[in-house]
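The block underneath contains the structure these notes are about, expressed in structure tokens.
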Amino acid sequence: MLGTQIRPARADDEERITRFLRGLSLHTQTLRFFTGVATPATVLVRTLLALDERRDALVATMNGEIVGHAMSYRGDGADVEIAVVVTDEWQGFGLGPKLVDALLLRAAVRGATTVGMDVLGENRRVLKLIRRLWPDAKMKVTSGSVEVTAMIDQAAVFAEQGSGGTPLTA
Ligand SMILES: CC(C)(COP(=O)(O)OP(=O)(O)OC[C@H]1O[C@@H](n2cnc3c(N)ncnc32)[C@H](O)[C@@H]1OP(=O)(O)O)[C@@H](O)C(=O)NCCC(=O)NCCS
52 MLGTQIRPAR ADDEERITRF LRGLSLHTQT LRFFTGVATP ATVLVRTLLA
102 LDERRDALVA TMNGEIVGHA MSYRGDGADV EIAVVVTDEW QGFGLGPKLV
152 DALLLRAAVR GATTVGMDVL GENRRVLKLI RRLWPDAKMK VTSGSVEVTA
202 MIDQAAVFAE QGSGGTPLTA
């Protein structure tokens with residue numbers, strides 16, 4: 052996608068990520084965070100930007116503003132749990148899957164082989180996306196949400212990166 056860049060989150064992204072969260076529709080906020088985040092707490096903002104041995108975070112930017120965010124953290128069940136959100140205006144252009152691919156490549160390099168995702172049962176769009184990305188994913192339904200677990204297809208993520216399919220500059 053011309054003009055969109057994917058890069059690791061940085062500590063100096065606090066104001067940008069706050070603007071990004073405020074700009075999400077309540078529907079998108081709820082699908083991602085299971086609640087509204089129009090007035091994001093500092094602890095949430097910092098968690099979204101944290102990169103350490105347990106956490107990774109990527110942002111997609113357009114003209115310097117954040118239009119997408121994806122994060123992974125070491126999970127209990129799967130090796131990494133991931134979550135992703137794209138601003139309403141940019142949904143439907145393939146940015147979400149690009150963020151997920153880039154995140155999984157980085158997780159696979161660190162040795163992760165399984166990925167988990169918690170999804171609201173009503174989130175048909177992302178459930179469909181998951182079935183397309185990970186056809187063999189296991190889905191466990193628990194009180195309104197779906198716990199998805201899948202194998203990271205290492206061959207696919209590395210090949211995609213090698214072919215330039217998921218460049219860090221998209
Ligand atoms: C889920 C999400 C990250 C996907 O990112 P994306 O960049 O929109 O992904 P895509 O462009 O590949 O679109 C995914 C599907 O949604 C559809 N879609 C996207 N925006 C749409 C819209 N506004 N109206 C209808 N369909 C839409 C696309 O057509 C595509 O369907 P397809 O698989 O039949 O082609 C993004 O929609 C989002 O941020 N949703 C809210 C947060 C969320 O649900 N996060 C996941 C739980 S952590």
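Numbering (my numbering), first residue to last: 52 to 221. Cβ coordinates follow ideal geometry from the N, Cα and C atoms, glycine included.
Unbroken stretches of the beta strand (DSSP E), 3 residues or longer, contained in the segment 111-194: 116-125, 131-137, 165-171, 189-193
Rounded C-alpha distance that separates residue 185 from residue 93: In the sequence shown, residue 185 corresponds to position 134, counting from 1. In the sequence shown, residue 93 corresponds to position 42, counting from 1. Spanning the two alpha carbons is a distance of roughly 34 Å.
Local conformation of residue 68 per DSSP, three classes: Residue mapping note: residue 68 aligns to position 17 of the sequence shown, counting from 1. Three-state result, residue 68: helix.
Selection from 154, 120, 176 that minimises the alpha carbon distance to residue 167: Counted from its first residue, the sequence shown places residue 167 at position 116. Considering only alpha carbons, the answer is 154.
Burial state of residue 210 (16 or more Cβ within 10 Å): For the purposes of this step, residue 210 is identified with residue 159 of the sequence shown, where counting begins at 1. Result: exposed.
Alpha carbon of residue 201 to alpha carbon of residue 66, nearest angstrom: What you label residue 201 is simply residue 150 of the sequence shown in a count that begins at 1. What you label residue 66 is simply residue 15 of the sequence shown in a count that begins at 1. Answer to the nearest angstrom: the Cα atoms are 34 Å apart.
C-beta neighbour in chain C for residue 125, strict 8 Å: Judged by its chain identifiers, the structure shown contains no chain C, having just a single protein chain.
Three-state secondary structure assigned by DSSP to residue 201: Walking along the sequence shown from the start, residue 201 turns up at place 150. Residue 201: strand per DSSP, three-state reduction.
Residue 139 versus residue 128: straight-line alpha-carbon distance, rounded: As a working note, residue 139 is residue 88 in the sequence shown. As a working note, residue 128 is residue 77 in the sequence shown. C-alpha separation (whole angstroms): 30 Å.
Sequence-distant residues of the same chain with beta carbon closer than 8 Å to residue 219, five excluded per side: Taking the sequence shown and counting its residues from 1, one reaches residue 219 at position 168. Its pLDDT being 49, under 50, residue 219 is placed unreliably by the model, and nothing is read from it.
Start and end residues, beta strand (DSSP E) containing residue 55: Within the sequence shown, the letter at position 4 stands for residue 55. That run of the beta strand (DSSP E) goes 55-59.
Residue 105, DSSP secondary structure in three states: Numbered from 1 along the sequence shown, position 54 holds the residue referred to as residue 105. Coil at residue 105, not helix or strand.
Cβ neighbour criterion (16 or more within 10 Å) applied to residue 97: Sequence index remark: in the sequence shown, residue 97 carries index 46 (1-based). So residue 97 counts as exposed.
Bridge-paired residues (DSSP) for residue 196: Looking up residue 196 in the sequence shown gives position 145. 171, 193, per the DSSP bridge assignment.
For residue 72 and residue 87, the rounded distance between their alpha carbons: Within the sequence shown, numbered from 1, the residue matching residue 87 stands at position 36. Within the sequence shown, numbered from 1, the residue matching residue 72 stands at position 21. One C-alpha to the other measures close to 9 Å.
Terminal residues of the alpha helix (DSSP H) in which residue 79 lies: The residue given as residue 79 occupies position 28 in the sequence shown. Taken as a continuous stretch (DSSP letters only), the alpha helix (DSSP H) holding residue 79 covers 77-84.
Classification of residue 217 by the beta-carbon crowding that lies within 10 angstroms, buried from 16 upward: Within the sequence shown, residue 217 is the residue found at index 166, counting from 1. With a pLDDT of only 47 at residue 217, under the threshold of 50, the placement of this residue in the model should not be trusted, and no figure is reported.
Cβ contact (3+ pairs, closer than 8 Å) linking the segment 169-188 and the segment 105-120: no
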